[in-house]
């Protein structure tokens, strides 16, 4: 029997005693066409927080800029970095 495999961006993160490793695939597709095989999908929100990108690049870009700005504002207002816990 033939199985149907879902498609999309794969994101995996591992926490260990020394920190966190976050990995994603690097392909950007346009329908069934691979538009780029080297897309940057792990992006910093702050010095201690990253986000992974999946879906619409424009929506993800807006979201990442917005959350990054909010993290900076939090740090200015609270005098400490945004918690990651």
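In the numbering used here, the protein residues as written are 648 to 732.
Glycine included, each C-beta is placed from N, C-alpha and C at the ideal position.
Beta-bridge pairing of residue 698 - partner residues as DSSP gives them: 690
Nonlocal neighbours in the same chain, by C-beta distance under 7 angstroms from residue 689, ignoring five residues either side: 669, 671, 697, 699
Residue span of the alpha helix (DSSP H) that contains residue 714, given as start and end: 704-725
Status (buried if at least 16 other CB within 10 Å, exposed otherwise) for residue 723: exposed
Enclosing beta strand (DSSP E) for residue 668 [first to last residue]: 666-671
Within 9 angstroms, strictly: CB atoms of residue 731 and residue 695: yes
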